[in-house]
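Listed in order, the protein sequences are those of chains A and B.
Sequential numbering of the first sequence, starting at 1, is according to my numbering.
Sequential numbering of the second sequence, starting at 1, is according to my numbering.
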Amino acid sequence: MNTGTTATRAAEAPEPLEVDRVTVRFAGLTALDDVSFTVAPGSVHAVIGPNGAGKSTCFNVLSGLHRPASGTVRYGRQRLTGLAPHRIAALGIARTFQNIVTTEGTVGDNLMLGRHALTRAGFVSSALHLPHAVREQRAHLARAREIAELVGLERHFDAPVAMLSYGDRKRVEMARALCLEPRVLLLDEPVAGMNTAERAEAVEVIRTVRAQLPLSIVLVEHDMGLVMRLADEVTVLDFGRRIAHGTPDEVRRDPEVLRAYLGTGAGGTGPATPGPGTPGPATPGKEAA
Amino acid sequence: MSDAAKHLPRLTAAVVPLLVLCALPFYLESYWLRIGLFSMAAAIGAIGLSLLSGTAGQLSMGHAFFLAVGAYGYVWFSGDPGPGLPPVVAMVLAVLLAGAAGGLFSPVAGRVKGMYLGIATLALVFIGHHLMLTLDGVTGGFNGRSVEPMEIGGLVLDSGRDDLVVLGVPFGAEERLWYFGLVLLAFTWFTARGLLRGRPGRALAALRDSETAASVMGVPVARHRSSAFVVSSMYAGLAGVLIALSFRRVVPDHFGLVLSIDYLAMIVIGGLGSVGGAVAGAFFVTALPLVMAKYADQLPLVAAPGSPDGSLGPTEASRYLYGAAIVVILLWAPDGLHGLARRLRSRLRSRLRREPPAPPHGPGPAEPVTPAPTTTAPSVPVKEHTP
């Protein structure tokens, strides 16, 4: 019954997401400087870097919130730069936010919001409770429940979001993004502020999503342990520039990366703080040492 | 058992107040019916404003303007200087006209948000007032115009021409309009619920809570903001038509800034973003001053109208009381009557759960609360003051 809309997009395999020489400037500050990378279809691509490296700016360019001064972003053949955020969403590119942004209401309401781009009911048909609007709502609610189950939120489906724990609210964000049936999922610090148990659960959820849905994931994260375990490829930014790129193992050994995280002349000793707010178990410094 | 049992209380909560409302014209004098009519008109307008300000988070001070467009639109479309169309057609056109007026403002309404829109819409009230005074041919200028009565299928919703008696009760203008008002209010309720619980309502709430998140979820920001404004204007237009019909005369001074502020008071008192709350708030703001004015002379320390200066007249006394009531509500229930009803209901429910043996009659003190879920709240003030 819900297969109609979901199948159409799910059947399409994700296409490569290409970031090509993107530069973003804010009043004299260059937040991104000539950054390029390509997210291979179906892969998990991590973008890491110290605070202020331009990771969030990068995400904002991908989702259309910032327009780059130069450079392009392409999804397959479709150019994303210059498109309004809601058009990019309609192409199947969903994102979550670093600080949780949910809407008042139940978990179900939030997930149904995620299906906005996939549904049609307008003001008139909703106001008059026209049959097709009612049917559409029912079908998509069923799919939203499936997605809630996928991320482990089924018990809370009818609960107000405000009553949930921090970890569960993070999950709501991810489920809402998944409700778009995305082909590219942008996760902005999915485990920030979580305790160890919550982190482990979040990693499990990301693994499940990846195994069950045909999508590419772009991940911004401070937690190096998580990045090393999940990512197929890693791009490292520092002060808006790409300083390294490769598999997690390659990046971990890259001297430029060590310097960016630990400062110049660091030998991998001492109290390494790879970035504020990072109580992650494994830092690149420690692992490389 | 589960389905029928689950729906039964909800069904009763919807049907019982409706039956009570339908029966009221057989028991109430026309004074009370008129208060009810004003309240119904206000409720329709308040639902529209609640959709815009409560759900979409867009402040509008221009609601009085759209009420005026609806009222004057109806008068002109159905009246003598004007095409003199059948009243029902005139009503539909008046609502569409209000929507079109909202649409004309939508380049502003789609781009300007929150508080700033409130200031921008202030201009509408003044422009509207100026137009009402100067466009004599359409609006009748300062003295306004009298309103053609509504006519449906040959039945004129006015007293005089025919003597309609139903079950021994003479049906004058108020009795007939009462049912018409009920139908309009029910229609408004039905459509607004559909909007709020459907895709547009979710998108508007998302816009209110975070524009960025909403746009990333696929909600076109400007288009939804303007749509909310247009829909809210159309409800205001419908309310304007009912206001015109129940006052039987429209004058420019009614549609001033104070009216806009009254509507904001309604949705804040009722509870932002809820249909039932908007209706309850509308009854509170519209009916309470009138009811208090009626009984103010029976209060202690209140002088008869026309007493020498310095004594407290009934009008002033009712205003003080009304003001105090607003303060009390906002202190005790900052989320409005809607939030108050919800809390009472959940408290009642948890108490019932704790004492399962006696669910039908429940604990004594909670008894009077039972008929006061949001849906029935509007009928309460009317019932209480039956003479």
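Don't be surprised by glycine CBs; every beta carbon is placed ideally from N, CA and C.
Taking the C-beta atoms as reference points, GLY108/A is found nearer than 7 Å to PHE157/A. SER232/B counts as buried, since at least 16 other C-beta atoms from the protein chains shown sit within 10 angstroms of its C-beta. For MET266/B, the closest Cβ of chain A is not nearer than 7 Å. Across the segment 91-110 of chain A, CB contacts with chain B closer than 8 Å involve ALA94, ARG95, PHE97, VAL101, THR102, THR103, GLU104, GLY105, ASP109, in sequence order along the chain. Taking the beta carbon of GLY194/B as reference, the chain A residues within 7 Å of it are SER126, ALA127, LEU128, HIS129, listed in sequence order. Here VAL236/A is bridged, per DSSP, to ILE48/A, ALA244/A.
As summarised for the segment 21-64 of chain B, the continuous alpha helix (DSSP H) elements at least 4 residues long and confined to that stretch are 30-49, given in chain order.
C-alpha of GLY336/B to C-alpha of ARG241/A: approximately 52 Å in a straight line. Between ARG199/B and SER126/A, the C-beta spacing is below 7 Å.
An exposed status is given to HIS7/B, since fewer than 16 other beta-carbon atoms sit within 10 Å of its beta-carbon. The C-beta separation of LEU185/B from MET40/B comes to about 5 Å, placing the pair in contact by the 8 Å criterion. C-alpha of ARG197/B to C-alpha of LEU272/B: approximately 15 Å in a straight line. Taken through DSSP and simplified to helix, strand or coil, PRO255/A comes out as helix. Less than 7 Å separates the beta-carbon of PRO87/B from that of GLU151/B. With contacts defined as CB atoms closer than 7 Å, GLY201/B and LEU207/B fail to qualify as a contacting pair. For THR119/A, at least one C-beta of chain B is nearer than 7 Å to its own C-beta.
Residues of the segment 215-244 of chain B that bring their beta carbon within less than 8 Å of a beta carbon in chain A comprise SER215, VAL216, MET217, GLY218, VAL219, PRO220, VAL221, SER227, VAL231, in sequence order. For ILE93/A, DSSP records a beta bridge to VAL184/A.
As a beta-bridge residue in DSSP terms, LEU155/B pairs with ILE152/B. Nearest CB-CB separation between GLY270/B and chain A: not below the 7 Å threshold. For GLN137/A, the secondary structure class from DSSP, reduced to helix, strand or coil, is helix. Inter-residue distance for TYR235/B and GLY153/B is about 24 Å (C-alpha atoms, whole angstroms). By the neighbour-count criterion, in which a residue is buried when 16 or more other Cβ atoms sit within 10 angstroms of its Cβ, PRO83/B is exposed. Excluding sequence positions up to five before and after ARG193/B, its CB lies within less than 7 Å of the CB of VAL275, all in the same chain and listed in chain order. C-alpha of VAL236/A to C-alpha of LEU187/A: approximately 16 Å in a straight line. Sequence-distant Cβ neighbours of ALA89/A in its own chain, meaning closer than 7 Å and more than five residues away, are ALA117, LEU180.
Per DSSP, reduced to three states, the secondary structure at GLU18/A is strand. Legend: CB atoms of the segment 209-224 of chain A lying less than 9 Å from CB atoms of chain B are not found in any residue. The C-beta distance from ASP238/A to ALA260/A rounds to 4 Å, short enough to fall under 8 Å. In the DSSP assignment, SER232/B falls within the alpha helix (DSSP H) that extends over 221-247. Residues of the segment 57-80 of chain A with a C-beta atom less than 7 Å from some C-beta of chain B are SER63, LEU65, listed in chain order.
Closer than 7 Å to the CB of THR191/B there is at least one CB belonging to chain A. Put simply, the CB of PRO160/A is far from chain B, with every gap to its CB atoms at 7 Å or more. Residue pairing by DSSP puts THR72/A in a beta bridge opposite ASP20/A. Taking ARG176/B as reference, the option from ARG353/B, VAL16/B, PHE26/B with the minimal CA-CA separation is PHE26/B. At a cut-off of 7 Å between C-beta atoms, GLY339/B does not count as an interface residue with respect to chain A.
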